[in-house]
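For reference, the structure is listed below as C-alpha cells.
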Amino acid sequence: MALTAPPRPTTAEVEAELAEHVRALAGPDAVPRPEQVAAVRAVVADGRRTLLVARTGFGKSAVYFSATRMLRDRGWGPTVVVSPLLALMRDQVAAAQRLGLVAETINSSNTDEWDRIEAAITADAVDLLLISPERLANQGFRERVFHLLLEQPMALVCDEAHCISDWGHDFRPDYLRLRHLLDELPSWTPVLATTATANQRVTDDVASQLGSDALVLRTTLDREALHLSVVDLPDDAHRLAWLSEHLDELPGSGIVYCLTQEQAGQTAEWLRLRGHACEAYTGGTEPEQRLVLEEQLRANELKALVATSALGMGFDKGDLAFCVHLGLPPTPVAYYQQIGRAGRALQRAEVVALPRPTEDAAVWRWFEQVSLPPESTCDEVLLQLSSSRPTSVPTLESVVNLGRSRLQTLLKILEVDGAIRAVKGGYLLADEGWTYDRDKAERLRRLRREESDQMLAFADRPGCRLRFLREALDDAEAEDCGRCDRCLGAVRTTDLDPELVAEAGRHLRAGDVGIEPRRQWPTGLDEPKGRIKPDAQARWGRALCRVGDGGWGAMIDEVLTGDRLLHEDMVRAVAGVLKRWDWEQRPGWICPVPSRRRQGLIDRLCSGLGQLGKLPVHPALVRIEDGGFQADQANSAHQVANVWGRFTVDPDHLPEGDLLDAPVLLVDDECDSRWTLTVASHLLREAGSGPVLPLVLRSR
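At position 111 of the sequence shown the residue is numbered 111 (this note's numbering), and the sequence of numbers has no breaks.
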C-alpha cells in the first residue's frame with residue numbers, strides 16, 4: 001500500500017511550537033529568528049523542499065530539531081540527518097534531548113552500538129538519526145536500515161549541504177548519493193538542506209538538486225562579534241614570536257589554525273615551551289583524544305587548540321573568543337567557515353590572520369586536488385573495467401597513475417554518475433556511454449586558481465576585511481563592517497624582541513623530520529611483490545625540513561628550484577640533523593642517489609657532509625635506464641615500477657672490507673613517496689652493505 005502523509009501542523013501551530021522549542025533550546029528569553037520561522041513553516045506546514053543558507057551560530061540545528069518534534073508529535077517517522085561531521089553528531093545527540101528527542105548516530109566510530117540502534121529504529125524508538133554520507137554507500141546499511149526507514153513517512157535533513165556541490169570548497173562525492181535518495185522519497189516528504197558557506201553558484205547547484213520547486217532562504221552573513229585584523233610578518237620565526245608574545249592578550253580561549261599536521265604540532269610545542277596551555281588537534285589525533293581536547297577547550301582549561309581543518313564545522317563552543325590563522329586556507333569561503341567558530345555567543349571575538357604567502361602557496365600546490373581528474377585518467381579507469389567481471393581497487397591502482405584517495409574519489413563520482421557499479425570484489429562497467437564534462441572540469445580548475453589568488457592577496461587587499469569575505473559568498477547585504485583593522489585604521493604591533501625571534505627560529509629549525517621505512521611492496525605488481533625482507537629494508541631516515549615548513553623550508557625550496565645555491569650553513573644544518581640522530585651505530589660511508597635533474601646538488605651535499613663528518617663518499621648506485629620522473633607518478637605501484645630496474649650497484653664503487661658492513665648514509669635531494677629510497681636501500685643491502693640510513697633535504 002502506498003505511503004500517505006500524516007497530518008501537518010498549521011502555520012499558527014508552527015509559530016507557537018517553534019517559539020516554545022527555541023526557549024527550551026536556547027533559554028527562557030530566546031525568540032525565534034524570522035528566517036527560522038520561515039524555514040520551519042516551509043518544510044513542515046507547506047511541505048516545500050528548502051535550502052537554508054545562514055551564517056554560523058544562526059541556529060540552523062534548531063530548525064530541524066523543532067521540525068522533528070512537531071512531526072513526531074503528529075505520527076511521523078524519524079528524521080534522518082546526513083552530516084559529514086562526527087563532532088557535530090556528538091553535540092547534536094546531546095542537544096536534541098532538550099526537546100525530549102531520542103537522537104542516535106550510526107558512524108564508523110560506534111560500530112559496537114549499531115545492533116542496539118538498529119533495533120531501536122525497528123521499534124520506532126528513535127526520533128533523530130544522524131548518519132555520515134558514507135553510510136549511504138554501504139549496501140548493508142541500505143538493506144537493513146534505510147529500506148525500513150523508507151517504509152514510513154520520514155523527514156530528511158542534509159547538513160553542510162555545500163558538500164553536495166562540486167563547486168563547493170569542501171566537496172564530498174558520497175554526498176552525491178543524496179540525489180538518488182531524493183528521487184526515492186515521496187514528493188510530500190519534508191526535506192531541508194542547510195549550510196553556512198555557500199556562494200550563489202553553490203546555492204543554485206544545491207537548490208537544483210532538491211527540485212525545481214525548492215525554496216531558498218538566505219540570511220545576511222554578517223557576524224557582528226567578529227573583529228578581523230592581519231599581522232604581516234616576514235617569516236615563521238617572527239610569526240611564532242608574535243603569537244607567543246600576544247596570545248595571552250587575546251580574550252578567553254580559542255583556536256590557532258595551521259595548514260598541516262606538522263606545523264600544528266610544532267606550533268603547539270613552541271607555545272607550551274613559552275608557558276601557554278596549548279595542545280595540537282589534527283587528523284592524526286586519536287578519536288578518544290579529540291574528545292578530551294574538545295572538552296578541555298570548552299571548559300577553558302586550554303588557552304588554545306592548535307588545529308588543522310580537522311577541528312572544523314562540527315565543533316561548537318559559543319564563547320570561543322578568538323581565532324588565529326598561522327597561514328591561510330586556499331579559498332575565502334573556507335576561511336569564512338573557519339573563523340565562524342568564534343564569537344557565536346559573545347559580543348566580541350578577535351580574528352587574526354598571520355599570512356605566510358610563500359609557504360601557504362607551496363602547501364596549497366601540494367594539497368590541490370580538483371574534484372574530477374583529467375579526462376585521460378577517467379578513460380583509463382573505464383578501459384580497465386568490464387561489465388561482467390569486477391576489477392579491484394589495487395588492480396586499478398597498478399594500472400592507473402592515480403593516488404589511492406583520488407582514485408577512490410573518482411570511483412565514487414563515476415558510480416554516482418552511473419558509469420560504473422560497485423559490487424563485491426570491486427567495480428563493474430555500467431554505462432559505456434558516459435562522457436567526461438570537459439567544460440565543467442576546466443571551470444572548476446579556473447575557479448580554484450582564482451580563489452587561491454584572492455587569498456594570496458588577502459593581507460594587502462584594500463577595504464573592509466569582512467566585506468571581502470561576505471562578497472565572496474555573494475551576500476547581497478555585504479557592507480563595510482566598521483570593526484576590522486581596515487575600517488578602523490588600526491594596525492596590530494609587529495615590534496618583537498629579537499632574542500625571542502631568534503629562539504623561535506631555532507625551534508623551527510630543530511624539528512627534524514622522520515622518514516618511516518616502507519615494509520611492503522605495493523599490490524598489483526609482478527615484481528617486486530610481498531613483504532620486504534627485514535634485512536633489506538631501510539632504517540628510519542631523516543629530512544632537514546618539510547614542504548612549506550617555517551624553518552628551512554623556504555630556503556630549501558629555492559635550492560631545489562635552482563634559485564639558490566646550497567650554502568655551507570645549509571650543509572652544516574644537515575650535519576646537525578645527523579648529530580641529533582639517535583642511531584645505534586655511526587654511519588661509515590655515504591652513497592648518493594643518482595639524479596637526472598639535481599646530481600650536482602646531491603654531490604655537493606655528499607661532499608660537504610663527508611668533509612664535516614670525515615666520511616668517504618662512494619657513488620655505488622648507478623642509473624642504467626631512464627624512466628619517467630617520480631614526481632609524475634601518482635601511486636605506489638607506478639612509483640615502484642618507475643625505479644625498479646632503473647638502478648644497479650656498481651661493485652667497483654662499493655667500499656671494501658669492514659667499511660662495507662658499516663651503516664651507509666643514503667643521500668637524496670627530496671623524499672615524496674619513499675619508494676626511490678626503498679628500492680635503493682634494497683639494492684645496497686642485496687649487494688652486502690650494512691644498514692641503510694636515508695637522509696634528504698626535504699620531505700613531503
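For glycine and all other residues, C-beta sits at the position ideal for the given N, C-alpha and C.
Within this structure, are the beta carbons of residue 196 and residue 56 separated by less than 7 Å?
Start at 1 with the first residue of the sequence shown, and residue 196 comes out as number 196. Start at 1 with the first residue of the sequence shown, and residue 56 comes out as number 56. Between residue 196 and residue 56, the C-beta gap is smaller than 7 Å, which places the two residues in contact.
DSSP three-state label for residue 583, please.
Stepping through the sequence shown from its first residue, residue 583 is reached at position 583. In this structure, DSSP gives residue 583 a state outside helix and strand, which the three-state scheme calls coil.
Would you identify the three-state DSSP class for residue 669, choosing helix, strand or coil?
Here residue 669 corresponds to residue number 669 of the sequence shown, with the count starting at 1. In the displayed model, residue 669 falls within a strand according to three-state DSSP.
Would you say residue 188 and residue 47 are within 7 Å of each other, going by their C-beta atoms?
In the sequence shown, counting from the first residue as 1, residue 188 sits at position 188. In the sequence shown, counting from the first residue as 1, residue 47 sits at position 47. Their beta carbons are under 7 Å apart, which means residue 188 touches residue 47 by this criterion.
Report all residues from its chain with a CB closer than 7 Å to the CB of residue 319; omit the five preceding and five following residues, and keep chain order.
For this step, residue 319 is matched to residue 319 along the sequence shown. Excluding residues within five positions, the ones whose Cβ falls inside 7 Å are 252, 345 and 346.
Under the three-state DSSP convention, the category residue 350 falls into
Your numbering for residue 350 matches position 350 in the sequence shown. DSSP places residue 350 in strand when its eight states are reduced to three.
When you compare the region 628 to 637 with the region 604 to 615, are there three or more beta-carbon pairs, one atom per stretch, that lie closer than 8 Å?
Segments in contact, no.
Pick from 295, 198, 286 and 247 that is closest to residue 272, judged by C-alpha positions:
Translated into positions along the sequence shown, residue 272 becomes position 272. Among 295, 198, 286 and 247, the Cα nearest to that of residue 272 belongs to 247.
Give me the Cα-Cα distance between residue 350 and residue 422, rounded to the nearest whole angstrom.
Within the sequence shown, residue 350 is the residue found at index 350, counting from 1. Within the sequence shown, residue 422 is the residue found at index 422, counting from 1. The alpha-carbon atoms of residue 350 and residue 422 are separated by roughly 48 Å.
Determine the direct distance from the alpha carbon of residue 680 to that of residue 623, and round the result to whole angstroms.
Position 623 of the sequence shown, counted from the first residue, corresponds to residue 623. Position 680 of the sequence shown, counted from the first residue, corresponds to residue 680. Their backbone Cα atoms lie some 11 Å apart in a straight line.
Using DSSP with H/G/I as helix, E/B as strand and the rest coil, what is residue 714?
No answer is possible for residue 714: the residues shown for the chain start at 1 and end at 700.
Chain-order list of residues whose beta-carbon lies under 8 Å from that of residue 683 (same chain, five-residue window excluded):
Along the sequence shown, read from residue 1 onward, the residue named residue 683 stands at position 683. The beta carbon of residue 683 is closer than 8 Å to those of 621, 647, 648 and 649 in its chain, skipping five residues each way along the sequence.
Helix, strand or coil at residue 307 according to DSSP, with G and I counted as helix
The sequence position of residue 307 within the sequence shown is 307, counting from 1. The DSSP-derived three-state label of residue 307 is strand.
Could you say if the region 426 to 436 and the region 391 to 400 meet the contact criterion of at least three C-beta pairs nearer than 8 Å?
The region 426 to 436 is in contact with the region 391 to 400.
From 152, 490, 95 and 111, residue whose alpha carbon lies closest to that of residue 75
Position 75 of the sequence shown, counted from the start, is the residue given in the question as residue 75. Ranking the options by Cα distance to residue 75, first place goes to 152.
Segments assigned beta strand (DSSP E), at least 3 residues, entirely inside the region 579 to 647
Counting only runs of at least 3 residues, the region 579 to 647 fully encloses the following beta strand (DSSP E) elements, listed from N- to C-terminal order: 589 to 592 and 621 to 623.
Only counting the same chain, and skipping five residues up and downstream in sequence, which positions put a Cβ closer than 6 Å to that of residue 262?
In the sequence shown, counting from the first residue as 1, residue 262 sits at position 262. 546, listed in sequence order.
Let's test the definition: count the other Cβ atoms within 10 Å of the Cβ of residue 371 and tell me whether it reaches 16, buried, or not, exposed.
Mapped onto the sequence shown, residue 371 falls at position 371. Because the pLDDT at residue 371 is just 47, under 50, the model does not fix this residue reliably, and the point stays unresolved.
State the Cα-Cα distance for the pair residue 514 and residue 666, rounded to the nearest angstrom.
Counted from its first residue, the sequence shown places residue 514 at position 514. Counted from its first residue, the sequence shown places residue 666 at position 666. Their Cα atoms are separated by approximately 14 Å.
Would residue 542 and residue 695 be called neighbours here (beta carbons separated by less than 7 Å)?
Mapped onto the sequence shown, residue 542 falls at position 542. Mapped onto the sequence shown, residue 695 falls at position 695. Contact: yes.
According to DSSP, residue 546 sits in a beta bridge with which residue or residues?
The count along the sequence shown starts at 1 and reaches residue 546 at position 546. According to DSSP, residue 546 bridges with 699.
Which residues does DSSP list as the beta-bridge partners of residue 514?
Along the sequence shown, one-based indexing puts residue 514 at 514. DSSP lists 542 as partners of residue 514.
Residue 576: which of 506, 102, 597 and 643 sits nearest, CA to CA?
Within the sequence shown, the letter at position 576 stands for residue 576. Checked all of 506, 102, 597 and 643; the closest Cα to residue 576 is 506.
For residue 104, is the classification buried or exposed, using 16 other Cβ atoms within 10 angstroms of its Cβ as the cut-off for buried?
Counting from one through the sequence shown, the residue named residue 104 turns up at place 104. Under a 10 Å Cβ-count criterion, residue 104 is classified as buried, with 16 or more other Cβ atoms of the shown protein chains found around its own Cβ.
Taking one C-beta from the region 648 to 664 and one from the region 493 to 500 each time, how about it: are there three or more such pairs within less than 8 Å?
Look at the beta carbons and you see the region 648 to 664 not touching the region 493 to 500: under three pairs across the two are nearer than 8 Å.
Apart from the five residues just before and just after residue 213, which ones in its own chain have a Cβ nearer than 8 Å to its Cβ?
As a position in the sequence shown, residue 213 is number 213, starting the count at 1. Here the set comprises 48 and 49.
So residue 335 is in the alpha helix (DSSP H); what residue range does that whole segment cover?
Position 335 of the sequence shown, counted from the start, is the residue given in the question as residue 335. Counting along the chain, the unbroken alpha helix (DSSP H) around residue 335 starts and ends at 332 to 339.
How about residue 688 and residue 662: do their beta carbons lie closer than 7 Å?
In the sequence shown, counting from the first residue as 1, residue 688 sits at position 688. In the sequence shown, counting from the first residue as 1, residue 662 sits at position 662. The criterion of a C-beta distance shorter than 7 Å is not satisfied by residue 688 and residue 662.
Decide if residue 230 is buried, meaning its Cβ has at least 16 other Cβ atoms within 10 Å, or exposed.
Within the sequence shown, numbered from 1, the residue matching residue 230 stands at position 230. So residue 230 counts as buried.
Assuming residue 79 and residue 157 make a contact with CB atoms under 8 Å, what is their CB distance in whole Å?
Within the sequence shown, numbered from 1, the residue matching residue 79 stands at position 79. Within the sequence shown, numbered from 1, the residue matching residue 157 stands at position 157. Correct: roughly 6 Å between the Cβ atoms.
How would you label residue 179, buried or exposed, when you count the other beta carbons within 10 angstroms and need 16 or more for buried?
The count along the sequence shown starts at 1 and reaches residue 179 at position 179. Around the beta carbon of residue 179, fewer than 16 other beta carbons sit within 10 angstroms, so the residue counts as exposed.
Counting pairs of beta carbons, one from the region 92 to 109 and one from the region 28 to 44, are three or more of them closer than 8 Å?
No, the region 92 to 109 is not in contact with the region 28 to 44.
Are residue 281 and residue 293 touching if we call contact CB-CB under 7 Å?
Within the sequence shown, the letter at position 281 stands for residue 281. Within the sequence shown, the letter at position 293 stands for residue 293. Taking 7 Å as the cut-off, the Cβ atoms of residue 281 and residue 293 count as close.
Taking only three categories from DSSP, how would you classify residue 227?
As a first step, residue 227 must be located in the sequence shown, where it is residue number 227. It is a strand residue.
Buried versus exposed, by CB contacts within 10 Å (16 or more), residue 685:
The sequence position of residue 685 within the sequence shown is 685, counting from 1. In the assembly as shown, residue 685 is a buried residue. Its beta-carbon has 16 or more other beta-carbons within 10 Å.
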